[in-house]
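Each remark here refers to the structure printed beneath this line.
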Amino acid sequence: MALKYNVEYNNTAKIGDRIFKFRPWTTKNEKDYLIVVESEEEITDDKLFDILIRPCLEDPDVALTVNEQKMLMIEIRKKSLGDTFPMRYICKKCKQVNDLDVEFDKIIKFKPDEFRPVTVDNITFNFGPIVSKKVKERLDATNSSVEYAFVNFLLHIHSVEIDGSIEDTFTFDELKEFIEDLPTYIFDEVYKEFQSMKSSLEFGLTTYCMICNEENNVEFDHIPNFLWT
Ligand SMILES: [Zn+2]
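Spelled out as structure tokens, the structure:
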């Protein structure tokens, strides 16, 4: 008999409208992560994606926004290490330390991307997610925040309607030239609307002190004890 553990992608995560099939983390994933922690001062989102998300996905050719990536990571974490995490806070009233186990689902405030068409004058722009990892490479290749924002905007344009006639088979360069030729008032309006479609992700917990029962609103940027330490 060959000694082989059969990996199956039995779990699903729904992030916005998209569904991902994944498997929990393996010993190898944990080891790869700990090696990076030891050798690098800061782990980028891209690196985390390569170590802890991509290897778990049945279809690894996905392009995710930063917030979608965080949400997917939380879903994988829940199946791998449990759906609660230990945290500690100091009560604002009695100053006592509270230790508690918190469910991930109780702290997450996530609004997914919500794409909608934007019309200015005779032009309508139709937006959608970045379609593949290959397309997203253009974004990874940018080297200033202005260029990043501009390319990100372009990659979300799926079609353009001019006087009711739909254009959806342009190349990236054709689209770029078209946008660069637009009067600024059109661009500014469409860009502002696009910004408002983007997702948001915040963490926060409303809880009651175990000693004095005071309501405490605890806010945090990152989830404590999320991974192996
Ligand atoms: Zn208290």
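Every number in our numbering is 1 more than the matching position in the sequence shown, counting from 1. Glycine included, every Cβ here is placed at the ideal spot set by N, Cα and C. Model, not experiment: these values are computed from the prediction.
Inter-stretch contact at 8 Å, needing at least 3 Cβ pairs: the segment 181-198 / the segment 61-70: no
Which residue wins for smallest C-alpha separation from Thr-207, given the options Thr-28, Glu-9, Leu-101, Asp-189? The residue you call residue 207 lines up with position 206 of the sequence shown. Looking at Thr-28, Glu-9, Leu-101, Asp-189, the one whose alpha-carbon comes closest to that of Thr-207 is Leu-101.
State yes or no: is the C-beta of Cys-92 within less than 7 Å of the C-beta of Glu-215? If you number the sequence shown from 1, residue 92 lands on position 91. If you number the sequence shown from 1, residue 215 lands on position 214. Contact: yes.
Restricting to Cα atoms, I'd like to know which of Glu-190, Lys-29, Arg-19, Asn-127 is closest to Val-8. Here the question's residue 8 lines up with position 7 in the sequence shown. It is Lys-29.
Identity of the residue in Thr-143, Arg-55, Val-98, Lys-5 nearest Asn-217 by Cα: Here residue 217 is taken as the residue at index 216 of the sequence shown, counted from 1. Nearest C-alpha to Asn-217: Val-98.
Less than 7 Å between the C-beta atoms of Asp-33 and Ile-20, yes or no? In the sequence shown, the residue the question calls residue 33 occupies position 32. In the sequence shown, the residue the question calls residue 20 occupies position 19. No, the Cβ-Cβ distance between Asp-33 and Ile-20 is not below 7 Å.
Cβ atoms of Asp-122 and Ser-200: under 7 Å apart, would you say? To locate residue 200, count along the sequence shown from 1; it is residue 199. To locate residue 122, count along the sequence shown from 1; it is residue 121. Between Ser-200 and Asp-122, the gap from beta carbon to beta carbon reaches 7 Å or more.
With 16 other Cβ atoms within 10 Å as the buried cut-off, status of Lys-15: Numbered from its first residue, the sequence shown carries residue 15 at position 14. So Lys-15 ends up on the exposed side.
If you measure between the beta carbons of Phe-23 and Ile-224, is that distance less than 7 Å? Taking the first residue of the sequence shown as position 1, residue 23 is located at position 22. Taking the first residue of the sequence shown as position 1, residue 224 is located at position 223. Their beta carbons are not under 7 Å apart, which means Phe-23 does not touch Ile-224 by this criterion.
How many angstroms separate the CA atom of Pro-130 from the CA atom of Lys-107? As a first step, residue 130 must be located in the sequence shown, where it is residue number 129. As a first step, residue 107 must be located in the sequence shown, where it is residue number 106. Taking the straight line from one Cα to the other gives about 27 Å.
Rounded to whole angstroms, what's the CA-CA distance from Phe-105 to Asn-226? Just pull it up for me. Counting from 1 along the sequence shown, the entry for residue 105 is found at position 104. Counting from 1 along the sequence shown, the entry for residue 226 is found at position 225. If you take the alpha carbons of Phe-105 and Asn-226, they lie about 12 Å apart.
What separation, rounded to the nearest whole angstrom, lies between the Cα atoms of Met-72 and Arg-55? Looking up residue 72 in the sequence shown gives position 71. Looking up residue 55 in the sequence shown gives position 54. Looking at the two C-alpha atoms, the distance is approximately 14 Å.
Is it buried or exposed for Cys-57, if we count other Cβ within 10 angstroms and need 16 for buried? If you number the sequence shown from 1, residue 57 lands on position 56. Answer is buried; the Cβ neighbour count reaches 16.
Please list the terminal residues of the continuous beta strand (DSSP E) segment that includes Lys-94. Against the sequence shown, residue 94 aligns to sequence position 93. Neither: Lys-94 is in no beta strand (DSSP E) and is coded neither H nor E.
With respect to 6 Å, is the separation between the Cβ of Cys-210 and the closest non-hydrogen atom of ligand 1 below this value? Counted from its first residue, the sequence shown places residue 210 at position 209. Remark: the shortest separation between the CB of Cys-210 and any heavy atom of ligand 1 falls under 6 Å.
Alpha-carbon spacing of Ser-145 relative to Ile-158, whole angstroms: Taking the first residue of the sequence shown as position 1, residue 145 is located at position 144. Taking the first residue of the sequence shown as position 1, residue 158 is located at position 157. The straight-line gap from Cα to Cα measures roughly 21 Å.
Would you identify the three-state DSSP class for Tyr-90, choosing helix, strand or coil? Reading the sequence shown from its first residue, position 89 is the one you call residue 90. Strand at Tyr-90.
Whole-angstrom distance between Lys-94 and Val-136, CA atom to CA atom: The sequence position of residue 136 within the sequence shown is 135, counting from 1. The sequence position of residue 94 within the sequence shown is 93, counting from 1. Near 52 Å, if we compare the C-alpha coordinates of Lys-94 and Val-136.
Just verifying my parser: in three-state terms, what is the DSSP assignment at Tyr-209? The residue given as residue 209 occupies position 208 in the sequence shown. Three-state DSSP puts Tyr-209 in a strand.
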